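Peer 1: Heads up: the sequence shown at position 158 corresponds to 162 in my numbering, and the numbers run straight through without jumps. A virtual CB, placed ideally from N, CA and C, is assigned to each residue, including glycine. Remember, it's a predicted structure, so these values are computed and weren't measured experimentally. One structure, as structure tokens, below. Some questions next.
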Amino acid sequence: MNDPLIQSSKPRRRLVLLAVPVLLVIAVAIWWWSGARTPDANAAKKGPAPIPVITTKVEQRDVPVTLRANGTVVSIQAVDIRPQITSTVREVHIKEGQSVQAGDLLFTFDARGDESLYKKSLAQIEKDKADLATAERNFERQKELFNQKFISQSALDTVQNSVDTLRGQLAVDTAAADGARVAVSYSQIRATFAGRTGVISVRPGSLVQPSPTSLPLVSITQVNPIQVSFTLPEKELAGLRGAMTGGGIETRAILDAATTLKGRLVFLDNVVDSTTGTIRVKAEFDNEKGLLWPGMYVNIEVAPRTLMKAAVVPVQAVQTGPDNRFVFVVGEDGKVVQKKVAVKLIDGGIAVIEGAEAGERIVIEGAQNLRPGSLVAEADRTPKAGGEGKKGKKAEDKKAEEKPS
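Structure below.
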């Protein structure tokens, strides 16, 4: 017979055997779920990772307000040489493009006729002087006779009139001699200032005559010193006047990337051009090397005023929003604050702003990823050498392969 106790224990054993795997699966599931959830929980506790940015501090310094303009080189003096008499050119004493000094002889004309008239006038003066001397001696004799009652008053007056007439004639002939001398001087043309000659339109033997419409014999242009004429906005007028009263303003003429000349502002026009809102100014430069040439176009820089104790930041730090411009200021807690600023000047990669204080740390790179309150951290600016090392190793391996064994 079968024992009832033995028969009832068999189902219990089967239940135990079935429960053990189930419990094991449940335990594994609980362990996996707990382990997978823990990093997420830790991450939630830590919050979002800081955004890498590059920052700098707001500087405070004096910033000159540099104005830039296109200018035209002009000579201080330029003259067209024309004859004042009708004559023939005897000699040309200069060459085209030659540098001349004040007083240098340029042209000589045929002056034989004028010289003859001048000599004749000088001879006439000598004759007048001799006649006058004779008349004066005669007057003295007649005067003694008059005192002795040998001649009448009318006879003495006649002699006196002859003396006066000869004195007048001497004055007339002296003036004529002066005119003849001036005419002779017109036969030589000299430079009135130092400069450079242009194209010569006559040669020896050419007939010349005074005419405002004829070609000039030559033109002379002063090239040292020389000036540059340009215009500036009328809003800078007050600064320009103040600076010129204080001794002038340094001006730079930029010819190319490697050549800059320094000069000074010397002229401020007396009217503002109402159509353009600009004022004409001129700067003067030493031009010993001849780098500036009349008619050239050059770039001009002039700083008529200076912004004192200005807040200066890199221009890329200034962000533009829908309503205003702003910068991101990093607080002591590492979070950024959006600060509204007004830009007063942008020049040479810097911006002068109002609204930020000197010494504040602002974001200059990485601002596109920021929002007010974002947590930031200074980005590592050290270049990574791993890629370069691999490239270097590859290059060395390649050289080793190419090297003959």
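Would you decide whether N291 is buried or exposed? Buried here means 16 or more other CB atoms lie within 10 Å of its CB.
Peer 2: Mapped onto the sequence shown, residue 291 falls at position 287. Its Cβ being crowded by 16 or more others within 10 Å, N291 is buried.
Peer 1: DSSP three-state label for I58, please.
Peer 2: As a first step, residue 58 is located in the sequence shown; it is residue number 54 there, counting from the start. Correct three-state label for I58: strand.
Peer 1: According to DSSP, is N228 part of a helix, a strand, or is it coil?
Peer 2: In the sequence shown, the residue the question calls residue 228 occupies position 224. In the structure shown, N228 sits in coil (DSSP, three-state: anything other than H, G, I, E or B).
Peer 1: Is Q231 buried or exposed, if buried means 16 or more other CB atoms sit within 10 Å of its CB?
Peer 2: As a position in the sequence shown, residue 231 is number 227, starting the count at 1. With 16 or more Cβ atoms within 10 Å of its Cβ, Q231 is classed as buried.
Peer 1: By Cβ distance below 8 Å, which residues in the same chain neighbour G338 in space, the five residues on each side in sequence not counted?
Peer 2: In the sequence shown, the residue the question calls residue 338 occupies position 334. Contacts found: P54, L379, V380 and A381.
Peer 1: With respect to the alpha helix (DSSP H) encompassing N151, which residues constitute its N-terminal and C-terminal limits?
Peer 2: Looking up residue 151 in the sequence shown gives position 147. From DSSP, the alpha helix (DSSP H) with N151 extends over R116 to N151.
Peer 1: Indicate, with yes or no, if the ligand MN has a heavy atom lying under 7 Å from the CB of V276.
Peer 2: With respect to the ligand MN, the structure shown offers nothing to examine, as it has no ligands at all.
Peer 1: What do you get for S156, buried or exposed, if any count of 16 or more other CB atoms within 10 angstroms of its CB means buried?
Peer 2: As a first step, residue 156 is located in the sequence shown; it is residue number 152 there, counting from the start. Exposed is the call here.
Peer 1: Just to confirm, is the Cβ distance from F289 to A257 under 8 Å?
Peer 2: For the purposes of this step, residue 289 is taken as the residue at position 285 of the sequence shown. For the purposes of this step, residue 257 is taken as the residue at position 253 of the sequence shown. Contact flag set, yes.
Peer 1: Which of the three DSSP states is assigned to G246 in this structure?
Peer 2: Stepping through the sequence shown from its first residue, residue 246 is reached at position 242. Helix.
Peer 1: Closest to G202 by CA distance: which of R194, R145, L244 and I224 is it?
Peer 2: Translated into positions along the sequence shown, residue 202 becomes position 198. Here the closest residue by C-alpha is I224.
Peer 1: Output needed for N142: all residues of its chain with C-beta closer than 7 Å, excluding positions within five of it in sequence on either side, in chain order.
Peer 2: The residue you call residue 142 lines up with position 138 of the sequence shown. Only V163 meet the Cβ criterion.
Peer 1: For D384, which of W297, S218, E369 and E95 has the nearest alpha-carbon?
Peer 2: The residue you call residue 384 lines up with position 380 of the sequence shown. For D384, the closest of W297, S218, E369 and E95 by C-alpha to C-alpha distance is E369.
Peer 1: Please determine, among S79, M312, A371 and I85, the residue with the shortest C-alpha to C-alpha distance to S191.
Peer 2: In the sequence shown, the residue the question calls residue 191 occupies position 187. When only C-alpha atoms are compared, the closest one is I85.
Peer 1: Does the separation of the CB atoms of Q64 and A362 fall below 8 Å?
Peer 2: If you number the sequence shown from 1, residue 64 lands on position 60. If you number the sequence shown from 1, residue 362 lands on position 358. In this structure, A362 lies closer than 8 Å to Q64 by Cβ.
Peer 1: Quick one: what does DSSP say V163 is sitting in, helix, strand or coil?
Peer 2: The residue given as residue 163 occupies position 159 in the sequence shown. Of the three classes helix, strand and coil, the one that applies to V163 here is helix, per DSSP.
Peer 1: Where does K99 sit, in a helix, a strand or coil, going by DSSP?
Peer 2: Along the sequence shown, one-based indexing puts residue 99 at 95. The answer is coil: DSSP assigns K99 none of H, G, I, E or B.
Peer 1: Starting from Q323, follow its DSSP beta bridges and name the residues at the other end.
Peer 2: Taking the sequence shown and counting its residues from 1, one reaches residue 323 at position 319. Looking at the DSSP assignment, Q323 forms a beta bridge with F330.
Peer 1: Return the Cβ separation of I89 and A187 in integer angstroms, given the expectation that the two are a contact with Cβ distance under 8 Å.
Peer 2: Reading the sequence shown from its first residue, position 85 is the one you call residue 89. Reading the sequence shown from its first residue, position 183 is the one you call residue 187. Correct: roughly 7 Å between the Cβ atoms.
Peer 1: Nearest to V367 by alpha carbon, out of G352, V275, G335 and S205?
Peer 2: If you number the sequence shown from 1, residue 367 lands on position 363. Minimum Cα distance to V367 is reached at G335.
Peer 1: Relative to the C-alpha of S233, which candidate in G75, P68 and R365 has its C-alpha closest?
Peer 2: In the sequence shown, residue 233 corresponds to position 229, counting from 1. It is G75 whose Cα lies nearest to the Cα of S233.
Peer 1: With a 10 Å radius around its C-beta and 16 neighbouring C-beta atoms as the bar for buried, classify T282 as buried or exposed.
Peer 2: Along the sequence shown, read from residue 1 onward, the residue named residue 282 stands at position 278. Burial call: buried.
Peer 1: Applying the criterion that 16 or more other CB atoms from any shown protein chain within 10 Å of the CB defines a buried residue, is Y122 buried or exposed?
Peer 2: Looking up residue 122 in the sequence shown gives position 118. Under this definition Y122 is a buried residue.
Peer 1: With respect to the beta strand (DSSP E) encompassing T279, which residues constitute its N-terminal and C-terminal limits?
Peer 2: Position 275 of the sequence shown, counting from 1, holds the residue named residue 279. Where T279 is concerned, there is no enclosing beta strand (DSSP E), given that its DSSP letter is neither H nor E.
Peer 1: If you run the structure through DSSP and keep just helix, strand and coil, what is A73?
Peer 2: In the sequence shown, counting from the first residue as 1, residue 73 sits at position 69. In the structure shown, A73 sits in a strand (DSSP, three-state: E or B).
Peer 1: Quick one: what does DSSP say Q342 is sitting in, helix, strand or coil?
Peer 2: Position 338 of the sequence shown, counting from 1, holds the residue named residue 342. Q342 falls in the strand class under three-state DSSP.
Peer 1: Using DSSP bridges, identify the partner residues of Q192.
Peer 2: The sequence position of residue 192 within the sequence shown is 188, counting from 1. Its beta-bridge partners are T112.
Peer 1: Per DSSP, V212 is paired with what?
Peer 2: Numbered from 1 along the sequence shown, position 208 holds the residue referred to as residue 212. Residue pairing by DSSP puts V212 in a beta bridge opposite S91.
Peer 1: Quick one: using the 10 Å Cβ neighbour count with 16 as the cut-off for buried, is G172 buried or exposed?
Peer 2: Numbered from its first residue, the sequence shown carries residue 172 at position 168. Label assigned to G172: exposed.
Peer 1: Pick out the complete beta strand (DSSP E) segments inside the region 271–315, 3 residues or longer, and give them in chain order.
Peer 2: 282–289
Peer 1: Out of V285, K266 and G267, point me to the one whose CA is closest to N274's CA.
Peer 2: Working through the sequence shown from its first residue, we reach residue 274 at position 270. Checking every option, the nearest Cα to that of N274 belongs to V285.
Peer 1: How long is the line joining the alpha carbons of A184 and S103, rounded to whole angstroms?
Peer 2: For this step, residue 184 is matched to residue 180 along the sequence shown. For this step, residue 103 is matched to residue 99 along the sequence shown. CA-CA distance, A184 to S103, rounds to 32 Å.
Peer 1: Assign F271 to one of two classes, buried (16 or more other C-beta atoms within 10 Å of its C-beta) or exposed (fewer than that).
Peer 2: Residue numbering aside, residue 271 sits at position 267 when the sequence shown is read from its first letter. Under this definition F271 is an exposed residue.
Peer 1: Helix, strand or coil for Q64 per DSSP?
Peer 2: Residue numbering aside, residue 64 sits at position 60 when the sequence shown is read from its first letter. Q64 falls in the strand class under three-state DSSP.
Peer 1: Measure the Cβ-Cβ separation of L219 and S205 and say whether it is below 8 Å.
Peer 2: Taking the sequence shown and counting its residues from 1, one reaches residue 219 at position 215. Taking the sequence shown and counting its residues from 1, one reaches residue 205 at position 201. Going by C-beta atoms, L219 is nearer than 8 Å to S205.
Peer 1: Note down the Cα distance separating Q146 from I193, rounded to an integer number of angstroms.
Peer 2: By one-based count along the sequence shown, residue 146 stands at place 142. By one-based count along the sequence shown, residue 193 stands at place 189. Going by the C-alpha atoms only, they are around 52 Å apart.
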